[in-house]
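What follows is a short report on a single structure.
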Amino acid sequence: MSSNSNPYQNALTQLEIAAGVLKINKDILEILKVPKRILKVYIPVRMDDGSIKNFEGFRVQHNDARGPFKGGIRFSPEVSMDEVMALSMWMTWKTAVVGVPYGGAKGGVIVDTKKLSKGELERLSRGYARAVHKFIGPNIDVPAPDMYTTPEIMAWMANEYSRIVGENTPASFTGKPVEVGGSLGRANSTSVGGIYVLEEALKKIGKEKRHITVAIQGMGNVGANAAKILYNEDCNIVAVSDSRGGIILKDQRPKTKDQKLNMEGLNILKVLEYKEKNGSVAGFHGTKTITNEELLVLPVDVLIPAALENQITIKNAHDIKAKIILELANGPTTPEADKILDAKGILVVPDILANAGGVLVSYFEWAQNRMGYYWDEQEVNEKLKKQMIRSFNDVWAVKEKYKVDTRVAANILALERVVKAMKLRGV
Ligand code: GLU
0 MSSNSNPYQN
10 ALTQLEIAAG
20 VLKINKDILE
30 ILKVPKRILK
40 VYIPVRMDDG
50 SIKNFEGFRV
60 QHNDARGPFK
70 GGIRFSPEVS
80 MDEVMALSMW
90 MTWKTAVVGV
100 PYGGAKGGVI
110 VDTKKLSKGE
120 LERLSRGYAR
130 AVHKFIGPNI
140 DVPAPDMYTT
150 PEIMAWMANE
160 YSRIVGENTP
170 ASFTGKPVEV
180 GGSLGRANST
190 SVGGIYVLEE
200 ALKKIGKEKR
210 HITVAIQGMG
220 NVGANAAKIL
230 YNEDCNIVAV
240 SDSRGGIILK
250 DQRPKTKDQK
260 LNMEGLNILK
270 VLEYKEKNGS
280 VAGFHGTKTI
290 TNEELLVLPV
300 DVLIPAALEN
310 QITIKNAHDI
320 KAKIILELAN
330 GPTTPEADKI
340 LDAKGILVVP
350 DILANAGGVL
360 VSYFEWAQNR
370 MGYYWDEQEV
380 NEKLKKQMIR
390 SFNDVWAVKE
400 KYKVDTRVAA
410 NILALERVVK
420 AMKLRGV
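No gaps in the numbering here: position 18 of the sequence shown is 17 in numbering that gives the first Met the number 0, and each next residue is one more.
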């Protein structure tokens with residue numbers, strides 16, 4: 000077994016573990032190890048100063064046996080082909096675990112959106128849609144938001160795609176604003192779905208949600224919405240962080256490794272207001288700075304990684320003290336760390352289950368676009384809740400059947416479903 004900081008290697012290791020348990024046919028495994036298609040594009044953008052700048056972008060389509068390729072587009076200076084390849088494979092498993100009729104794909108553009116004007120961002124987004132338009136569409140590949148891509152960006156892309164094909168095609172992208180065919184409930188669906196499965200996980204360890212202590216890494220759309228929901232439900236969010244720093248209430252910073260916290264939570268609504276104004280949670284009054292490393296090993300009930308890949312590794316897994324890890328990020332834990340966490344009895348709710356609420360409501364959006372009939376938010380959330388809980392129970396049943404950890408169980412369930420579809424199609 001190999002594992003390192005290359006997310007694609009980690010995705011392959013996870014696939015091999017699940018395939019080993021299921022004794023998957025070698026030929027099918029060979030097909031699944033690589034994406035079906037990789038697009039690499041250069042997007043020339045007219046900058047505000049009149050110059051032209053070329054941005055490198057990707058779309059990786061891993062598998063479409065269960066339906067059109069599906070997955071977000073990430074705008075980040077750190078995006079790499081290996082990362083997008085890994086994310087595309089994880090999307091294949093994610094859509095299978097929650098039973099939506101899609102395959103898996105992912106996109107990315109190497110760009111720091113904080114350095115672009117709004118006009119430049121719009122031209123880049125439209126340029127991306129033009130560059131990949133031949134390979135996407137409601138029945139081919141349906142992109143959505145991911146890190147640093149927003150509903151507004153989806154509106155631009157769907158509009159650009161619609162212009163090219165000559166008809167209004169809202170189902171070409173999901174995660175759009177409600178005014179242009181987005182679904183109610185999509186904006187915070189990843190977090191809402193994550194909290195539904197967290198409740199199920201808490202039941203398994205005999206704990207109630209009220210008053211649990213939580214640490215959250217990442218205050219983007221997903222981390223911030225999860226924090227808000229938990230705060231409004233009387234949970235104590237002890238520490239949060241974003242790319243510029245982390246915070247914890249002053250008197251709670253553990254001085255020694257094993258010191259327990261006194262379980263007092265941050266006022267998350269105020270923290271988010273502060274972040275809105277200052278660009279970061281760092282410096283919020285009454286708090287002390289905490290590093291990422293320190294946040295991850297706090298003695299909390301629930302740890303929520305909601306940022307990047309490779310955060311929980313062989314280096315810090317031994318020191319993790321949370322009882323549950325709810326992976327709202329994609330790929331935050333390496334396969335080597337998984338082994339350690341399992342041996343320590345920590346319950347990991349794996350990414351492809353924990354954060355699947357996003358793609359689930361993307362599916363509802365796509366279905367509503369195609370029907371031309373829109374649901375109210377309550378209907379969306381009821382369906383989301385039902386499907387998240389059902390998926391959690393499906394994964395749990397596999398975990399008990401094969402006596403494996405929750406990630407391996409989720410991967411087994413997904414792989415079984417994908418392989419079945421491949422065989423039915425005659426692969
Ligand atoms: N980018 C999100 C994810 O990683 C959502 C994907 C989608 O809605 O297609 O699951």
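Beta carbons: idealized from backbone N, C-alpha and C, even for Gly. Quick caveat: nothing in here was measured; it's all calculated off a predicted structure.
>> In whole angstroms, give me the CA-to-CA distance for Lys-384 and Ser-75.
In response: On the sequence shown, residue 384 is found 385 positions in, with the first residue counted as 1. On the sequence shown, residue 75 is found 76 positions in, with the first residue counted as 1. In this model, Lys-384 and Ser-75 are separated by some 31 Å (Cα to Cα).
> Which one of Leu-327, Gly-330, Leu-294 and Val-99 has the shortest CA to CA distance from Asn-315?
Replying inline: Taking the first residue of the sequence shown as 1, we reach residue 315 at position 316. Closest in C-alpha terms to Asn-315, from the list Leu-327, Gly-330, Leu-294 and Val-99, comes Leu-294.
> In three-state terms, what does DSSP make of Val-39?
Replying inline: Reading the sequence shown from its first residue, position 40 is the one you call residue 39. Rather than Val, the amino acid found at residue 39 in this sequence is Lys. In the structure shown, Lys-39 sits in a strand (DSSP, three-state: E or B).
> Of the choices Arg-65, Asp-145, Val-40 and Pro-43, whose alpha-carbon is the least far from that of Arg-424?
Replying inline: The residue you call residue 424 lines up with position 425 of the sequence shown. Closest option to Arg-424, Cα to Cα, is Arg-65.
> If you check the beta carbons only, do Arg-125 and Glu-159 fall under 8 Å apart?
Replying inline: Your numbering for residue 125 matches position 126 in the sequence shown. Your numbering for residue 159 matches position 160 in the sequence shown. Yes, the pair counts as a contact, with Cβ atoms nearer than the cut-off.
> Rounded to a whole number of angstroms, what is the C-alpha to C-alpha distance between Glu-263 and Trp-155?
Replying inline: Taking the sequence shown and counting its residues from 1, one reaches residue 263 at position 264. Taking the sequence shown and counting its residues from 1, one reaches residue 155 at position 156. Cα to Cα, the separation comes out at about 43 Å.
> How would you call Gln-216, buried or exposed, if buried means at least 16 neighbouring beta carbons within 10 angstroms?
Replying inline: Position 217 of the sequence shown, counted from the first residue, corresponds to residue 216. In this structure Gln-216 is buried. Its beta-carbon is surrounded by 16 or more other beta-carbon atoms within 10 angstroms.
>> At the level of alpha carbons, what is the spacing between Ser-4 and Asn-309?
In response: Position 5 of the sequence shown holds residue 4. Position 310 of the sequence shown holds residue 309. Those two C-alpha atoms are separated by around 6 Å.
> If we ignore side chains and look at the alpha-carbon of each, how far apart do Ile-388 and Gly-70 end up?
Replying inline: Against the sequence shown, residue 388 aligns to sequence position 389. Against the sequence shown, residue 70 aligns to sequence position 71. Spanning the two alpha carbons is a distance of roughly 22 Å.
> So Val-348 is in the beta strand (DSSP E); what residue range does that whole segment cover?
Replying inline: Here the question's residue 348 lines up with position 349 in the sequence shown. 346-348 is the span of the beta strand (DSSP E), which, as asked, contains Val-348.
>> If I follow the unbroken beta strand (DSSP E) through Asn-62, where does it start and stop?
In response: In the sequence shown, counting from the first residue as 1, residue 62 sits at position 63. Counting along the chain, the unbroken beta strand (DSSP E) around Asn-62 starts and ends at 51-62.
> Taking just the CA atoms, how far does Ala-305 sit from Leu-38?
Replying inline: Indexing the sequence shown from 1 puts residue 38 at position 39. Indexing the sequence shown from 1 puts residue 305 at position 306. Answer to the nearest angstrom: the Cα atoms are 27 Å apart.
> Based on Cα-Cα distance, which residue from Ile-319, Tyr-362, Glu-364 and Gly-356 lies nearest to Asn-344?
Replying inline: For the purposes of this step, residue 344 is taken as residue 345 along the sequence shown, with counting starting at 1. Here residue 344 turns out to be Gly, not Asn, going by the sequence shown. The residue among Ile-319, Tyr-362, Glu-364 and Gly-356 with its C-alpha nearest the C-alpha of Gly-344 is Ile-319.
> How is Lys-384 classed by DSSP in three states: helix, strand or coil?
Replying inline: On the sequence shown, position 385 is the one that residue 384 refers to. It is helical.
> If we call anything under 8 Å between Cβ atoms a contact, is Asn-368 one with Trp-89?
Replying inline: Indexing the sequence shown from 1 puts residue 368 at position 369. Indexing the sequence shown from 1 puts residue 89 at position 90. Not in contact: Asn-368 and Trp-89 (Cβ atoms no closer than 8 Å).
>> Which residues does DSSP list as the beta-bridge partners of Ile-211?
In response: Numbered from 1 along the sequence shown, position 212 holds the residue referred to as residue 211. Partner residues in a beta bridge of Ile-211, as assigned by DSSP, do not exist.
>> Quick check on DSSP: helix, strand or coil for Ser-161?
In response: If you number the sequence shown from 1, residue 161 lands on position 162. Three-state DSSP puts Ser-161 in a helix.
>> Between Ala-143 and the ligand GLU, is there a pair consisting of the residue's CB and a ligand heavy atom that are separated by less than 7 Å?
In response: Taking the first residue of the sequence shown as position 1, residue 143 is located at position 144. Distances from the CB of Ala-143 to the heavy atoms of the ligand GLU include at least one below 7 Å.
>> Check whether the stretch 267-280 and the stretch 288-302 touch, using three or more Cβ-Cβ pairs below 8 Å as the test.
In response: Touching, no, given that fewer than three Cβ pairs across the two stretches are closer than 8 Å.
>> Checking the sheet assignment: what are the DSSP bridge partners for Ile-109?
In response: What you label residue 109 is simply residue 110 of the sequence shown in a count that begins at 1. Partner(s): Ser-75.
> Going by DSSP, which residues form a beta bridge with Ile-324?
Replying inline: Taking the first residue of the sequence shown as position 1, residue 324 is located at position 325. BP columns for Ile-324 point to Leu-302 and Val-347.
> Would Asp-375 be called buried (16 or more neighbouring beta carbons within 10 Å of its own) or exposed?
Replying inline: Walking along the sequence shown from the start, residue 375 turns up at place 376. With fewer than 16 other Cβ atoms within 10 Å, it is exposed.
>> Would Val-394 and Leu-412 qualify as a contact pair, given that the criterion is a beta-carbon distance under 8 Å?
In response: Position 395 of the sequence shown holds residue 394. Position 413 of the sequence shown holds residue 412. Yes, the Cβ-Cβ distance between Val-394 and Leu-412 is below 8 Å.
> The alpha helix (DSSP H) spanning Asn-277 covers which residue range?
Replying inline: For the purposes of this step, residue 277 is taken as the residue at position 278 of the sequence shown. Counting along the chain, the alpha helix (DSSP H) containing Asn-277 begins and ends at 267-277.
> Would you report the Cα separation of Val-348 and Arg-416, rounded to the nearest angstrom?
Replying inline: Counted from its first residue, the sequence shown places residue 348 at position 349. Counted from its first residue, the sequence shown places residue 416 at position 417. Roughly 20 Å between the two C-alpha positions.
> Helix, strand or coil: which one does DSSP assign to Phe-363?
Replying inline: Translated into the one-based positions of the sequence shown, residue 363 becomes position 364. In the structure shown, Phe-363 falls within a helical segment according to DSSP collapsed to helix, strand and coil.
>> Only counting the same chain, and skipping five residues up and downstream in sequence, which positions put a Cβ closer than 6 Å to that of Ala-420?
In response: Against the sequence shown, residue 420 aligns to sequence position 421. Hits under 6 Å: Ala-64 and Arg-65.
> Per DSSP, Leu-248 forms a beta bridge with which residues?
Replying inline: By one-based count along the sequence shown, residue 248 stands at place 249. Answer is Thr-286, bridged to Leu-248.
>> Short of 6 Å in beta carbon distance, which residues of its chain neighbour Pro-43, apart from the five on each side in sequence? Order them along the chain.
In response: Translated into positions along the sequence shown, residue 43 becomes position 44. Cβ within range, chain order: Ile-51 and Asn-53.
> Is DSSP giving Val-417 helix, strand or coil here?
Replying inline: Taking the sequence shown and counting its residues from 1, the one referred to as residue 417 is at position 418. For Val-417, the three-state secondary structure derived from DSSP is helix.
>> Going by C-alpha to C-alpha distance, which of Gly-49, Lys-105 and Ala-85 sits closest to Phe-68?
In response: Translated into positions along the sequence shown, residue 68 becomes position 69. Out of Gly-49, Lys-105 and Ala-85, Lys-105 has the C-alpha closest to the C-alpha of Phe-68.
> From this set, Leu-201, Tyr-362, Leu-248 and Gly-192, which residue's C-alpha is nearest Ala-321's C-alpha?
Replying inline: Numbered from 1 along the sequence shown, position 322 holds the residue referred to as residue 321. Nearest C-alpha to Ala-321: Leu-201.
> For the candidate residues Ser-87, Thr-149, Arg-406 and Ala-95, whose alpha-carbon lies nearest to that of Lys-117?
Replying inline: Here residue 117 refers to the residue found at position 118 of the sequence shown. Ranking the options by Cα distance to Lys-117, first place goes to Thr-149.
>> Here's the rule I'm using: 16 or more other beta-carbon atoms within 10 Å means buried, otherwise exposed. How should Met-370 be labelled?
In response: Position 371 of the sequence shown, counted from the start, is the residue given in the question as residue 370. Answer is exposed; the Cβ neighbour count stays below 16.
> In whole angstroms, what separates the C-alpha of Val-358 from that of Gly-107?
Replying inline: Taking the sequence shown and counting its residues from 1, one reaches residue 358 at position 359. Taking the sequence shown and counting its residues from 1, one reaches residue 107 at position 108. Taken atom to atom, the span from the alpha-carbon of Val-358 to that of Gly-107 is near 17 Å.
> Enumerated in chain order, which unbroken segments of the alpha helix (DSSP H) with a length of 4 residues or greater are wholly contained in the stretch 118-173?
Replying inline: Those alpha helix (DSSP H) runs which fall completely within the stretch 118-173 and span 4+ residues are 150-164.
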